[in-house]
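Heads up: the structure comes next, in structure tokens.
4 protein chains.
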Amino acid sequence: MIIQLESTITTDQKDQLAQQLEKIRYQTNEVNTQFGHYLIGIGKAEFDIRSIGNLPGIKDIHRVSDAYKLVSKKWKVEDTVIDLGDGVRIGTGHFAVMAGPCSIESEEQIASTIEHLQANGIKIMRGGVYKPRSSPYSFRGLGIDGLKMWYEQTREAGIKIITEVMMTEQIDAMIDYVDIFQVGARNAQNFNLLDALGKVDKPVLLKRGISGTVEELLQAAEYIFSNGNERIMLCERGIRSYESAYRNTMDLNAVAILKEKSHLPVIADPSHGIGVRRFVDKIALASVMAGADGVIVEVHQRPEKAFSDGQQTLSYKEAERLYSRLRQTYGLRESF
Amino acid sequence: MIIQLESTITTDQKDQLAQQLEKIRYQTNEVNTQFGHYLIGIGKAEFDIRSIGNLPGIKDIHRVSDAYKLVSKKWKVEDTVIDLGDGVRIGTGHFAVMAGPCSIESEEQIASTIEHLQANGIKIMRGGVYKPRSSPYSFRGLGIDGLKMWYEQTREAGIKIITEVMMTEQIDAMIDYVDIFQVGARNAQNFNLLDALGKVDKPVLLKRGISGTVEELLQAAEYIFSNGNERIMLCERGIRSYESAYRNTMDLNAVAILKEKSHLPVIADPSHGIGVRRFVDKIALASVMAGADGVIVEVHQRPEKAFSDGQQTLSYKEAERLYSRLRQTYGLRESF
Amino acid sequence: MIIQLESTITTDQKDQLAQQLEKIRYQTNEVNTQFGHYLIGIGKAEFDIRSIGNLPGIKDIHRVSDAYKLVSKKWKVEDTVIDLGDGVRIGTGHFAVMAGPCSIESEEQIASTIEHLQANGIKIMRGGVYKPRSSPYSFRGLGIDGLKMWYEQTREAGIKIITEVMMTEQIDAMIDYVDIFQVGARNAQNFNLLDALGKVDKPVLLKRGISGTVEELLQAAEYIFSNGNERIMLCERGIRSYESAYRNTMDLNAVAILKEKSHLPVIADPSHGIGVRRFVDKIALASVMAGADGVIVEVHQRPEKAFSDGQQTLSYKEAERLYSRLRQTYGLRESF
Amino acid sequence: MIIQLESTITTDQKDQLAQQLEKIRYQTNEVNTQFGHYLIGIGKAEFDIRSIGNLPGIKDIHRVSDAYKLVSKKWKVEDTVIDLGDGVRIGTGHFAVMAGPCSIESEEQIASTIEHLQANGIKIMRGGVYKPRSSPYSFRGLGIDGLKMWYEQTREAGIKIITEVMMTEQIDAMIDYVDIFQVGARNAQNFNLLDALGKVDKPVLLKRGISGTVEELLQAAEYIFSNGNERIMLCERGIRSYESAYRNTMDLNAVAILKEKSHLPVIADPSHGIGVRRFVDKIALASVMAGADGVIVEVHQRPEKAFSDGQQTLSYKEAERLYSRLRQTYGLRESF
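Chains as they are written, first to last, in full-length UniProt numbering: chain A, 1 to 336; chain B, 1 to 336; chain C, 1 to 336; chain D, 1 to 336.
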């Protein structure tokens with residue numbers, strides 16, 4: 001049960017509400033976000049929802065039977081659109097393309113990428129400065145200095161930054177240079193990190209776990225939301241399966257289902273979703289038809305020289321062709 | 001190695017070729033199909049391909065390093081288009097829609113479906129008369145009498161029939177009433193059935209196994225081809241995964257990859273691929289963008305009354321909307 | 001619901017029973033096996049089980065809520081023990097070892113294997129004469145002639161034969177030479193083959209599908225039982241997973257659970273279950289502790305020369321060590 | 001390549017070594033642990049290993065082709081035994097049982113558990129004070145105060161504590177009260193946490209990821225080792241599969257393989273590995289036969305009242321029976 005509270009609710013009114021909920025043995029969690037004030041009630045008793053809904057200080061009340069609550073479409077029918085400023089929006093009606101290299105490598109690489117993005121009207125640049133790597137001996141990214149270097153250039157160019165955060169200690173140092181925090185697949189159930197990202201006012205793109213369920217992804221988003229941050233995107237990036245003909249199994253069923261279950265924007269990551277450069281195009285377009293609100297793709301000036309993920313990274317030329325097709329495909333979908 | 005033989009090759013020439021291959025210790029398999037005459041050579045020795053290619057009676061010779069040979073695009077670059085007659089073609093450039101109920105239930109149901117298909121310009125009707133069911137106590141289909149009843153109506157209407165065959169003994173009885181034999185996911189590695197379907201001159205739609213690999217699907221097709229039947233379609237119908245938010249995990253990566261690896265048409269089955277009626281539309285359209293040459297969808301006059309698979313079956317109205325969108329999406333894709 | 005009928009039940013009494021079941025809208029399936037006569041009732045209505053149980057001609061009546069019925073332990077609490085004659089029994093209290101090569105290759109190989117088995121007190125020899133192979137170009141077994149050759153030698157030696165049957169047409173030719181029909185993982189849902197094996201009076205060892213569920217395995221066994229053959233063994237042989245450190249993922253959870261859900265013997269196949277020769281020993285012993293009633297292992301005079309599966313096949317020396325450990329481990333387990 | 005350095009190696013000798021490795025373009029990582037001093041060389045060039053091995057200051061040198069190095073058995077053939085003090089050892093020859101509740105709940109619960117452990121000669125108590133929960137609204141543990149309360153009682157009783165750490169910030173506060181840090185399945189690739197645990201001198205039990213590979217588990221251990229901590233245990237706790245008859249798929253293949261690939265102790269977690277109380281016994285015993293050096297099991301005074309995981313938790317009586325059987329089974333295995 002989600003109870004939306006009036007901003008004007010008084011302490012007395014809250015107490016009264018608490019008493020009512022205690023009577024029916026509902027456990028409560030109070031949530032304050034950038035945009036709202038909620039009381040989440042969890043319990044099993046049947047009761048007349050109006051008996052609570054009519055109390056003073058309450059804006060609205062909804063039953064939500066799912067284990068996740070605030071990220072569910074059952075109480076918020078209108079889809080969430082995330083506004084990054086400067087006219088950059090993500091969500092239903094605002095298709096987003098995020099592109100850039102797997103890893104931030106050098107000033108020159110950043111400059112080249114920005115030029116490519118600007119030439120194609122792309123407003124959000126992806127890139128990693130903290131890289132989760134299977135082996136401790138692999139390149140692990142340029143770190144905070146790389147992020148600052150990157151920020152210098154994007155700020156001038158009016159490009160937004162999305163980059164991965166791996167631990168709570170990094171958040172403070174990163175926050176001024178980042179437009180969207182990305183949570184990677186390996187941290188999809190790093191609950192302390194999710195808690196911490198719920199306490200900042202920056203959008204978060206949350207990737208599905210390596211073999212995460214749709215339900216777990218929504219629960220992970222609930223962690224962020226219930227800590228105070230409503231600005232969340234869900235990202236399908238392929239799941240682990242027995243098939244070895246490609247890197248991951250892109251799960252477009254999940255895209256379609258997430259759009260129904262949640263009001264949050266859903267982003268597809270076809271680069272990781274198939275992991276083979278020459279098929280990224282087809283899977284990106286398929287994602288649009290499955291309902292995605294945007295895609296995040298790996299692009300590099302010279303994919304074969306990239307520090308990481310070169311085998312799934314598009315060249316600028318390939319990416320340009322994709323951007324154009326994405327727009328046409330999204331246009332057709334919206335006409336349906 | 002695939003050696004295409006001239007139809008005029010003499011016994012002496014074949015012997016000469018056999019001797020050459022024996023020298024390099026290649027095991028050989030002779031294959032005669034509706035359309036060609038081949039010698040498959042399997043071995044490890046390196047040799048100058050021209051030393052064989054220049055022998056008399058040989059049309060062409062190709063190295064194919066994959067475990068599957070004849071279904072590979074490495075020797076046959078031109079995509080296979082299957083002609084069902086009456087202007088009905090399936091393959092690159094000829095998008096196919098196959099629609100109909102999960103199970104054939106009654107004369108009335110057939111008539112109603114045909115009317116629906118004709119109103120929408122659909123030329124191929126799907127339906128099961130032999131149903132593989134997990135439980136021996138479930139409805140197992142109307143059998144050969146159901147097929148004959150069905151055939152009576154489609155023949156008049158000029159509609160083609162695709163239906164599942166489950167065992168070799170059924171082939172002879174079915175063959176006069178069927179336009180495409182379907183091999184179901186549970187029989188994807190029923191090698192005796194595949195052998196037998198290689199010996200008839202009817203197209204076969206081969207479904208990927210419940211957790212079949214792309215490689216296994218191609219090998220299964222190789223069984224049919226190497227027994228003499230080149231008219232094969234590959235069908236992606238979703239794989240088994242840990243996710244329980246839907247019935248199967250539609251693997252559109254496989255669609256993209258199959259189109260690259262093989263010259264055979266690739267059909268998507270979004271009904272089984274997600275297994276939830278209200279998402280079939282999105283997954284069907286996504287399949288087109290992933291490269292499918294057609295879709296096979298479950299449609300029923302009253303899905304909620306269907307004998308089987310009702311939960312993933314479209315109503316006529318939903319199907320009509322889908323057909324129109326499929327055509328537009330395919331049109332856009334072809335314009336790329 | 002399972003109704004066990006008296007052998008003396010009259011036609012009138014059956015009619016009376018049928019009427020009662022029709023009243024509560026239960027669909028019925030009559031089953032005659034080597035050992036019993038049953039009526040399976042499937043329906044949803046609640047009713048007093050005594051109202052039926054007290055009718056004349058009825059021996060016993062049990063509710064079985066599972067989708068599978070006759071293979072469930074809910075009606076037959078006493079475990080099934082399969083008697084192959086000559087003192088060879090399989091089931092609770094009678095641990096069985098079945099050993100032999102993947103493929104039957106030659107007279108010499110058979111003789112050598114029999115000598116090895118006899119020296120170790122093993123009474124059941126495994127071997128394939130019909131081999132399901134991913135590629136149509138691989139060795140597919142010696143066929144019926146191989147089986148006859150094999151039978152000549154085992155008959156003299158008093159050794160029982162277990163071998164795979166792949167299609168219904170093979171049953172008649174094989175039946176006189178076979179002690180246990182094996183259904184392979186790829187045919188685990190070949191329902192026509194299961195139907196046919198239900199109509200013969202030979203034990204069947206049924207392998208779990210490549211990614212079959214415990215439920216599907218039990219349903220497959222139900223196919224055989226409900227067609228008339230109660231002598232079935234269930235076999236866990238590893239499932240398909242994302243892990244590539246070995247061939248299949250041996251699922252010993254399934255062994256423990258199958259022993260609880262069903263009265264049928266459960267056999268473990270550690271050779272396929274891990275697929276790596278030097279670990280077969282450990283997984284075999286682990287299977288015993290998980291509750292298996294027996295194991296089936298691949299053994300060959302010279303594993304590195306075997307026609308198939310050499311990488312998971314034990315040498316005689318390794319096998320001897322395993323047999324001894326199996327006996328000790330089973331002894332300890334039985335002492336618990 | 002792993003180069004073990006003498007503790008007496010001089011700076012000059014290190015420079016000389018570095019120059020040699022630079023010549024063959026090997027990237028190097030210096031590692032200092034509680035027990036040794038190593039140089040990890042990663043590169044592709046072929047070279048005569050003696051040309052480096054003979055340099056002064058070098059104790060030993062080994063080629064290790066795996067992606068993980070220091071945790072591999074290829075350089076350290078002798079198995080690692082972890083000594084917790086007071087005669088408590090874990091590793092080959094020292095079977096360990098760790099038992100206790102899923103969550104630490106109260107003083108009374110702790111006291112009761114300790115009594116149970118002491119009565120059965122169990123020296124290591126498990127319990128969670130920081131609980132990773134799918135839902136933010138679930139009980140998340142008593143935290144550091146719970147740990148201190150727990151420590152008070154175990155110190156007196158001479159019982160060792162193993163408990164989960166979820167984030168680097170918790171390490172300092174926990175370290176004085178913990179004997180083994182546990183890394184949970186959801187943090188199996190939380191590389192920052194692994195780095196941090198490599199910097200403390202406390203043993204770490206590392207669980208395999210929810211769908212982690214054997215390779216990933218070993219790489220995760222490599223993170224800890226290469227940061228300076230050699231005292232690591234690997235833990236198999238079941239993987240995620242398509243099967244829904246139980247909670248996780250216990251992968252005993254992995255236990256057998258880990259014991260071959262690594263010198264680190266391998267612990268089995270049958271409670272999570274099957275997730276159903278009445279089968280924990282069988283899977284625990286099977287784990288022993290597969291090669292496990294110990295088990296970690298969930299035990300509770302009243303499983304049905306446990307705050308979490310009650311469905312897979314043993315009662316004291318069930319646990320007692322298991323302890324005795326574990327000892328007998330381990331005894332038999334060691335006699336082989």
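Positions of the beta carbon are idealized from the N, C-alpha and C atoms, including for glycine.
Cβ distance (whole Å) where residue i is taken to contact residue j below 8 Å
i: C/Glu236; j: C/Arg277; result: Contact doesn't hold; Cβ gap of about 19 Å is too wide.
i: C/Gln219; j: C/Ala119; result: Not confirmed; about 40 Å, so no contact.
i: residue 338 of chain D; j: C/Tyr246; result: This structure cannot settle anything about residue 338 of chain D, because the visible part of chain D is limited to 1 through 336.
i: C/Gly294; j: C/Pro270; result: In fact, because the Cβ distance is near 11 Å, the residues do not count as touching under 8 Å.
i: B/Glu105; j: B/Tyr130; result: Going by Cβ atoms, the distance from B/Glu105 to B/Tyr130 rounds to 14 Å, so no, they are not a contact pair.
Bounding residues of the alpha helix (DSSP H) (the contiguous stretch that carries residue i)
i: residue 339 of chain B; result: The structure shown does not extend to residue 339 of chain B, since chain B spans only 1 to 336, so no value can be given for it.
i: C/Ala284; result: 280-290
i: B/Asp66; result: From DSSP, B/Asp66 is part of no alpha helix (DSSP H); its letter is neither H nor E.
i: A/Thr5; result: Per the sequence shown, the amino acid found at residue 5 of chain A is Leu instead of Thr. From DSSP, A/Leu5 is part of no alpha helix (DSSP H) but of the beta strand (DSSP E) over 2-5.
i: B/Leu83; result: Looking at the sequence provided, one finds Asp at residue 83 of chain B rather than Leu. Careful: B/Asp83 lies outside any alpha helix (DSSP H), inside the beta strand (DSSP E) at 82-85.
i: B/Ala96; result: Note, B/Ala96: premise wrong, no alpha helix (DSSP H); beta strand (DSSP E) at 96-100.
i: A/Leu314; result: Looking at the DSSP string, A/Leu314 is not in any alpha helix (DSSP H), and its letter there is neither H nor E.
i: B/Ile114; result: 107-119
CA nearest to the CA of residue i, picked from the options
i: C/Trp150; options: C/Ile171, C/Gly141, C/Glu107, C/Glu216; result: C/Glu107
i: D/Ala157; options: D/Ser138, D/Val129, D/Met125, D/Asp195; result: D/Met125
i: C/Val297; options: C/Phe307, C/Thr33, C/Tyr316; result: C/Tyr316
i: C/Arg333; options: C/Gly93, C/Gly85, C/Glu30; result: C/Gly93
i: A/Lys259; options: A/Ala290, A/Arg231, A/Asn229, A/His272; result: A/Ala290
i: A/Ala319; options: A/Val299, A/Glu46, A/Thr329, A/Pro303; result: A/Val299
Chain-ordered neighbours of residue i on chain D, where CB pairs are closer than 8 Å
i: B/Ser241; result: Tyr242
Under 7 Å by beta carbon: chain A residues contacting residue i
i: D/Leu189; result: Residue identity check: residue 189 of chain D is Gln in the sequence provided, not Leu. Ordered by position in chain A, the residues that pass the 7 Å Cβ test against D/Gln189 are Pro132, Arg186.
Extent of the continuous beta strand (DSSP E) run through residue i
i: C/Gln182; result: 180-183
i: D/Tyr38; result: 37-42
i: D/Arg89; result: 88-90
i: B/Asp277; result: Before going further, note that residue 277 of chain B is Arg rather than Asp in the sequence given. Careful: B/Arg277 lies outside any beta strand (DSSP E) and carries neither H nor E.
i: A/Leu206; result: 204-207
Local Cβ density within 10 Å of residue i, reported as buried at 16 or more and exposed below that
i: C/Lys23; result: exposed
i: A/Gln19; result: exposed
i: D/Gly212; result: buried
i: D/Pro56; result: exposed
i: B/Asp172; result: exposed
i: C/Lys305; result: exposed
i: B/Gln34; result: exposed
Interface residues of chain B facing residue i [CB-CB closer than 7 Å]
i: C/Ala67; result: Ser135
Within chain A, the residues that residue i reaches when beta carbons sit closer than 8 Å
i: D/Gln19; result: Within 8 Å Cβ-Cβ: nothing; D/Gln19 doesn't reach chain A, min ~20 Å.
Under 7 Å from the C-beta of residue i: neighbouring residues of chain C
i: D/Gln328; result: Leu332
Cross-chain neighbours of residue i in chain D, by beta carbon under 7 Å
i: C/Ser7; result: Neighbours of C/Ser7 on chain D: none; closest Cβ ~36 Å, over 7 Å.
i: A/Met167; result: Thr168, Asn192
i: C/Phe336; result: Arg325
i: A/Tyr223; result: Pro136
i: C/Asn32; result: Neighbours of C/Asn32 on chain D: none; closest Cβ ~30 Å, over 7 Å.
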